[in-house]
Amino acid sequence: MSRTIKLRKGLDIKLVGEADKVKTTTDHGSNFAIKPPDFHGLVPKMAVKVGDKVKAGTVIFADKYKDEVKYVSPVSGEISEIVRGEKRRILEVRITADKETSYQGFEVKDTSSMSSEELKSHLLTNGLWPFIKMRPLDIVARPEDQPKAIFISAFDSAPLAPDYDYILHGENEAFQAGIDALAKLTDGKVHLTTNSDSAPDKTFIDAKGVQLNKISGKHPSGNVGTQIHHIDPINKGDIVWTVNAQDVAIIGRSLKTGKFDASKVIAVTGSEIKNPRYVRTIIGAPISAVLVNNSIEGNVRYISGNVLSGEKVKLDGYLGFYDSQLTVIPEGDEPKFMLTKGWLGPGTGKFSINRSYFNWLMPNKKYTLDTNLNGEVRSFVVTGEMEKVFPFDIYPMHLIKAVMCNDIDLMENLGIYEVAPEDFALCEFVCTSKINIQEVIREGLDVIREECM
Amino acid sequence: MEPKHDSKWAKFHPMWDGFYTFLFTPGETTSRGSHIRDGIDLKRTMFMVVLALIPCLLFGIYNTGHWHYVATGEAGEYMDMFGDKLIYGLIQVLPIVIVSYAVGLGVEFIFCIKNQHAIQEGFLVSGMLIPLIIPADTPLWMVAFATVFAVVLGKEVFGGTGMNIVNIALTARAFLFFGYPTMMSGDKVWMSGISDLSRETLEANGVTGATQLGELASFTGPKADWIYPGGLEAFQAKWSIMDSFWGFIPGSIGETSVVAILIGAALLLYTGIASWRIMLSFVLGGFVVGILSNMGAINPYMELEPLNHLVIGGFAFGAVFMITDPVTASQTNTGKYIYGFLGGALSITVRVFNGAYPEGVMMAILFMNVMAPLIDHYVVSANIKRRTKRLKTKTA
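Okay, here's the thing in structure tokens:
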């Protein structure tokens with residue numbers, strides 16, 4: 001049974017620098033890192049120390065409070081550095097990689113004959129568990145939960161997003177193996193949602209054991225949170241698991257080969273990239289290696305992920321664990337004179353959802369946007385703008401205000417369980433008052449995690 | 454130039470910041486979350502509203518001059534003595550605008566320095582609205598007083614821009630209306646300079662000095678008090694709908710011309726800055742009550758066509774610039790329909806049924822400002838109920 005969901009709200013921000021459909025392989029570089037902050041709320045318990053030799057698949061650290069959840073090395077090599085930040089919080093575990101990756105293999109088991117508990121511990125011990133995330137809270141899934149469903153989005157609708165139809169073309173077997181394993185973990189359905197505005201790849205259409213849903217509309221139609229809300233909304237007490245489409249294939253491929261295979265294809269995008277294209281790389285790869293042959297000049301921002309919800313990284317930083325995209329856009333840290341490029345200017349080259357700039361005359365123009373706030377932080381004044389880009393039956397501003405005043409009952413009533421920070425990315429983009437809404441929502445989720453879950 | 458945080462000028466940093474950010478959009482960048490942001494900011498939003506008010510201001514200046522020379526009996530046709538009227542209007546109106554801005558921004562700066570907050574742009578609009586909704590003869594000290602009252606008690610005590618319960622400009626007007634009723638109503642204020650003219654001169658010039666609303670209000674009293682013993686027809690022979698539509702009528706500075714207001718409305722709706730939901734439902738609300746009062750008419754005022762209601766007094770101005778203030782309006786889309794409709798309906802209701810307040814728009818909007826959170830509360834409760842119901846169906 002499949003159904004089509006039509007979204008009328010949303011916003012596509014058209015940017016310069018979409019990746020060409022060319023997969024290139026570069027030298028992966030020799031410096032890799034696993035970053036505990038990629039897994040929100042995780043307190044890592046280190047299993048290795050500097051100087052230890054590891055293989056791809058060797059446990060690097062585990063969750064201090066749930067030590068069955070293990071995080072493993074994507075490559076083989078030597079632990080070169082453990083970078084700590086404030087309060088000695090571990091920010092990065094750096095690994096100097098060998099020329100040839102050697103794997104700490106594990107036994108290839110027939111997942112179809114395993115019980116759900118056996119499969120769980122199989123995934124946990126071999127480092128495949130962290131690919132599964134949970135809603136509410138948007139954190140790594142907890143093994144003891146019984147999810148009512150598992151959701152996979154077969155496309156990404158964010159600006160310059162990677163095209164999973166292209167990335168996973170020909171990966172039918174790995175993807176199916178991943179689906180088969182995931183289906184074991186829930187009594188409910190595995191939902192796979194494709195974009196009805198384009199023809200999805202055979203990998204998705206031929207997937208078995210899933211409920212195939214279609215969704216059409218602008219961003220955030222590809223966000224798994226939007227899809228959950230319209231297909232099977234989360235109530236208080238429900239747990240839903242989500243997995244990124246490419247990570248499903250990683251799980252499947254690893255289970256079939258018996259080694260932790262962290263290779264993935266990422267889209268290198270953004271207006272500052274000369275040759276935007278797809279690059280075959282490995283989780284935790286250094287940004288500089290991914291960017292090779294794309295020399296970049298000037299003052300730019302590197303983002304692991306997309307421009308709306310990605311993480312700011314440095315040129316000598318590393319790809320995020322879940323990210324399938326690297327975006328490079330100009331920094332906007334120069335003051336702008338009011339009449340030329342500032343608030344009173346004609347605004348050529350600026351993008352806005354309200355028509356006080358002239359961008360609405362050119363609906364197909366692609367923009368080069370920088371990181372300037374384009375204003376100063378203010379109290380909420382304008383209303384109704386978030387609703388235009390927020391396809392949820394939730395009042396965004398009321399929920400945000402409930403979080404700001406830390407009213408847990410109100411947060412629950414207004415739907416905090418159904419949202420993740422990325423669902424509010426567009427609200428944050430359009431906010432006239434320049435409030436960091438994703439951060440606010442994350443704080444709200446942290447409070448809920450502490451008090452209610 | 455920037456005052457350092459350890460210098461003796463440090464406490465004036467918000468003031469410096471206010472001027473600096475006026476000249477330059479600062480180079481501040483996003484740190485986390487969405488790395489790119491929409492081009493709009495509060496300054497531009499507010500500036501668009503000020504821009505939308507300019508036609509009303511220009512028309513108001515000329516109209517002030519026109520009615521002055523009508524009262525003195527020097528000008529008959531609307532376009533006669535164009536230059537004189539313009540100059541007279543400028544002399545009357547510009548000082549009010551300047552006083553309103555200077556006093557209001559002064560108060561804002563004092564509070565910003567005291568609280569060490571960045572100055573917010575809310576008063577850019579309020580400072581223009583206040584002059585436009587008062588009579589041109591309002592003494593400047595009253596304008597200053599009302600502005601201080603509105604900014605301090607209407608806004609700053611609640612925490613500044615974005616936190617106020619009721620509309621700032623209407624607070625200023627309400628202050629004047631109740632504090633100095635003789636300067637805000639009656640037949641001595643609506644034509645500039647009229648209070649200096651003798652009764653004989655006025656009678657000789659055929660001028661009563663009242664606005665349409667004042668004249669209409671007499672219909673609610675006993676027949677002996679009617680200004681037009683001939684009833685509504687006599688009234689409409691003097692004031693045609695088209696005159697009211699173009700704005701060739703006496704009234705507060707900026708409220709008379711529906712044409713000028715519509716130009717502003719077009720800008721606000723086109724840029725998406727004002728809510729079309731509120732505007733539309735406000736007009737509808739007024740229209741519906743107009744029809745209802747026609748149907749149950751027991752005096753000539755109640756017979757006035759609904760369309761005529763919409764073009765006289767401050768109704769159009771209120772619909773476009775006052776009720777749509779996002780801070781004091783309902784914040785939910787459903788709420789906006791209800792809020793606007795009730796606002797419009799109440800405006801005409803007060804007008805028609807309460808002879809003591811010839812203009813109901815100010816009262817209605819202030820009342821709805823206070824009611825807006827209640828409307829939102831019920832709209833949001835409906836959403837919460839949907840969610841709890843979903844949970845119950847699941848567990849049942």
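Chains as they are written, first to last, in the numbering used here: chain E, 1 to 453; chain B, 454 to 849. Every residue, glycine too, gets a C-beta built ideally from N, C-alpha and C.
| field | Cβ of K567 (chain B) within 8 Å of any chain E Cβ | value | As a position in the second sequence, residue 567 (chain B) is number 114, starting the count at 1. Not one chain E Cβ lies under 8 Å of K567 (chain B).
- Message: So, for L7 (chain E): in the same chain, excluding its five sequence neighbours on each side, which residues have a beta-carbon less than 6 Å away from its beta-carbon?
- Response: Residue 7 (chain E) sits at position 7 when you count from the first residue of the first sequence. Excluding positions up to five away in sequence, the list reads G217, S221 and P391.
> Taking just the CA atoms, how far does F768 (chain B) sit from Y541 (chain B)?
Replying inline: Taking the second sequence and counting its residues from 1, one reaches residue 541 (chain B) at position 88. Taking the second sequence and counting its residues from 1, one reaches residue 768 (chain B) at position 315. About 26 Å.
Would a C-beta distance cut-off of 8 Å place I408 (chain E) and V447 (chain E) closer than the cut-off? Your numbering for residue 408 (chain E) matches position 408 in the first sequence. Your numbering for residue 447 (chain E) matches position 447 in the first sequence. Yes, these two residues count as a Cβ contact at 8 Å.
- Who are the near neighbours of V560 (chain B) in its chain, counting only those whose CB is closer than 8 Å to its CB and skipping five residues on each side? One-based indexing of the second sequence puts residue 560 (chain B) at position 107. These residues qualify, in order along the chain: T600, V601, V604, V605 and E609.
Roughly how many angstroms separate the alpha carbons of N299 (chain E) and K35 (chain E), rounded to a whole number? Start at 1 with the first residue of the first sequence, and residue 299 (chain E) comes out as number 299. Start at 1 with the first residue of the first sequence, and residue 35 (chain E) comes out as number 35. Cα-Cα distance, rounded: 25 Å.
**Prompt:** Which whole runs of the beta strand (DSSP E) in the stretch 226 to 259 of chain E are 3 residues long or more, in chain order?
**Reply:** List check, beta strand (DSSP E) in window: 240 to 242.
Next on the checklist: Under 8 Å, Cβ to Cβ, is there at least one residue of chain E near H466 (chain B)?
Outcome noted: Here the question's residue 466 (chain B) lines up with position 13 in the second sequence. With 8 Å as the cut-off, H466 (chain B) does not count as an interface residue toward chain E.
- In terms of residue numbering, what span does the beta strand (DSSP E) encompassing M46 (chain E) cover? Counting from one through the first sequence, the residue named residue 46 (chain E) turns up at place 46. P44 to M46 is the span of the beta strand (DSSP E), which, as asked, contains M46 (chain E).
| field | Range of the contiguous beta strand (DSSP E) that encloses H191 (chain E) | value | Taking the first residue of the first sequence as 1, we reach residue 191 (chain E) at position 191. Its beta strand (DSSP E) spans residues K189 to N195.
At a cut-off of 7 Å, would you count K49 (chain E) as near the ligand NAP, judging by its Cβ distance to the nearest heavy atom? Only the bare structure without any ligand can be found here, which leaves the ligand NAP out of the picture.
Taking just the CA atoms, how far does G613 (chain B) sit from Q569 (chain B)?
Your numbering for residue 569 (chain B) matches position 116 in the second sequence. Your numbering for residue 613 (chain B) matches position 160 in the second sequence. The alpha-carbon atoms of Q569 (chain B) and G613 (chain B) are separated by roughly 12 Å.
**Asked** Of all the residues that make up the stretch 400 to 416 of chain E, which are near chain B by a beta-carbon distance shorter than 8 Å?
**Response** N413, L414 and G415
- prompt: Thinking just about the alpha-carbon of each residue, which of E:D180, E:E385, E:L414 and E:P363 is nearest to the one in I837 (chain B)?
  reply: The residue you call residue 837 (chain B) lines up with position 384 of the second sequence. Nearest C-alpha to I837 (chain B): E:L414.
Next on the checklist: Does the CB of Y318 (chain E) have a neighbour CB from chain B at under 8 Å?
Outcome noted: Within the first sequence, residue 318 (chain E) is the residue found at index 318, counting from 1. With 8 Å as the cut-off, Y318 (chain E) does not count as an interface residue toward chain B.
For this session: Buried or exposed for T483 (chain B), please, with buried defined as at least 16 other CB atoms from any protein chain shown within 10 angstroms of its CB.
Result: Residue 483 (chain B) sits at position 30 when you count from the first residue of the second sequence. That one is buried.
Practice task
For the stretch 172 to 186 of chain E, enumerate the residues whose C-beta is nearer than 9 Å to any C-beta of chain B, in chain order.
Solution key: Within the stretch 172 to 186 of chain E, no residue qualifies.
Rounded to whole angstroms, what is the Cα-Cα separation between K45 (chain E) and D333 (chain E)?
Along the first sequence, read from residue 1 onward, the residue named residue 45 (chain E) stands at position 45. Along the first sequence, read from residue 1 onward, the residue named residue 333 (chain E) stands at position 333. Each residue's alpha carbon lies about 38 Å from the other.
*Does the distance from the CB of G225 (chain E) to the CB of E422 (chain E) come in under 8 Å?*
Here the question's residue 225 (chain E) lines up with position 225 in the first sequence. Here the question's residue 422 (chain E) lines up with position 422 in the first sequence. For G225 (chain E) and E422 (chain E), yes; Cβs fall inside 8 Å.
*Relative to the C-alpha of L547 (chain B), which residue among B:F477, B:T591 and B:A528 is closest?*
Translated into the one-based positions of the second sequence, residue 547 (chain B) becomes position 94. Residue nearest to L547 (chain B) within the set B:F477, B:T591 and B:A528 is B:T591 (criterion: CA-CA distance).
Given that a residue counts as buried once 16 or more other Cβ atoms are within 10 Å of its Cβ, and exposed if not, what is P675 (chain B)?
-> Position 222 of the second sequence, counted from the first residue, corresponds to residue 675 (chain B). In this structure P675 (chain B) is exposed. Its beta-carbon is surrounded by fewer than 16 other beta-carbon atoms within 10 angstroms.
* List in chain order: all unbroken alpha helix (DSSP H) runs of 4+ residues lying wholly within the stretch 577 to 631 of chain B. => For secondary structure counted as the alpha helix (DSSP H) over 4 or more consecutive residues, the stretch 577 to 631 of chain B holds these complete runs in sequence order: 593 to 602.
key: Exposure label - N359 (chain E); buried when at least 16 CB within 10 Å   = Stepping through the first sequence from its first residue, residue 359 (chain E) is reached at position 359. Its Cβ being crowded by 16 or more others within 10 Å, N359 (chain E) is buried.
Which residues, taken in chain order from the stretch 433 to 451 of chain E, show a beta carbon closer than 8 Å to some beta carbon of chain B?
S433, K434, N436, I437, Q438 and E439
T624 (chain B) touches chain E at which residues, Cβ-Cβ below 7 Å? Here residue 624 (chain B) corresponds to residue number 171 of the second sequence, with the count starting at 1. Near T624 (chain B) there are no residues of chain E at all, since even the closest Cβ is about 17 Å away, more than 7 Å.
Look at the alpha carbon of P779 (chain B) and the alpha carbon of W469 (chain B), and state the distance between them as a whole number of angstroms.
Stepping through the second sequence from its first residue, residue 779 (chain B) is reached at position 326. Stepping through the second sequence from its first residue, residue 469 (chain B) is reached at position 16. For P779 (chain B) and W469 (chain B), the distance between alpha carbons rounds to 28 Å.
- How would you list, in chain order, the residues of chain E whose beta-carbon sits under 7 Å from the beta-carbon of F794 (chain B)? Counting from 1 along the second sequence, the entry for residue 794 (chain B) is found at position 341. From the beta-carbon of F794 (chain B), no residue of chain E is found nearer than 7 Å; the closest lies around 17 Å away.
Proximal chain E residues relative to F576 (chain B), where beta-carbon distance stays under 8 Å: As a working mapping, residue 576 (chain B) is identified with position 123 in the second sequence. Those within 8 Å of F576 (chain B) in chain E number zero; the least Cβ separation is about 12 Å.
query: Roughly how many whole angstroms lie between the Cα atoms of L410 (chain E) and Y831 (chain B)?
result: Here the question's residue 410 (chain E) lines up with position 410 in the first sequence. Here the question's residue 831 (chain B) lines up with position 378 in the second sequence. Whole-angstrom Cα-Cα distance: 14 Å.
- Hey, out of E:K388, E:L291, E:F380 and E:S112, whose CA is closest to D180 (chain E)'s CA? Taking the first sequence and counting its residues from 1, one reaches residue 180 (chain E) at position 180. Checked all of E:K388, E:L291, E:F380 and E:S112; the closest Cα to D180 (chain E) is E:S112.
Measure the alpha-carbon distance for E455 (chain B) versus E481 (chain B) and round it to whole angstroms.
Mapped onto the second sequence, residue 455 (chain B) falls at position 2. Mapped onto the second sequence, residue 481 (chain B) falls at position 28. The straight-line gap from Cα to Cα measures roughly 16 Å.
Just curious, the beta strand (DSSP E) that P548 (chain B) is in, first and last residue? Walking along the second sequence from the start, residue 548 (chain B) turns up at place 95. That residue, P548 (chain B), is in no beta strand (DSSP E); its alpha helix (DSSP H) goes F535 to N568.
- What first and last residue would you give for the alpha helix (DSSP H) that runs through R652 (chain B)? To locate residue 652 (chain B), count along the second sequence from 1; it is residue 199. DSSP places R652 (chain B) in the uninterrupted alpha helix (DSSP H) bounded by R652 to N658.
Inset, instruction - Could you work out which residues of chain E lie near T492 (chain B), taking near to mean beta carbons separated by less than 7 Å? - result: Here residue 492 (chain B) refers to the residue found at position 39 when the second sequence is read from its first residue. The question names Thr, but residue 492 (chain B) in the sequence shown is Gly. What G492 (chain B) touches in chain E: G347, K350, F351, S352, Y357 and N374.
*asked:* Quick check: the Cα distance between M1 (chain E) and L192 (chain E), rounded to an integer number of angstroms?
replied: Here residue 1 (chain E) refers to the residue found at position 1 when the first sequence is read from its first residue. Here residue 192 (chain E) refers to the residue found at position 192 when the first sequence is read from its first residue. Caution is warranted here: a pLDDT of 49 is assigned to M1 (chain E), below 50, making its placement in the model unreliable, and the coordinate value is therefore given only provisionally. For M1 (chain E) and L192 (chain E), the distance between alpha carbons rounds to 12 Å.
Compare the C-beta of G252 (chain E) against all C-beta atoms of chain B and say whether one is closer than 8 Å. Numbered from its first residue, the first sequence carries residue 252 (chain E) at position 252. For G252 (chain E), the nearest beta carbon of chain B is not closer than 8 Å to its own beta carbon.
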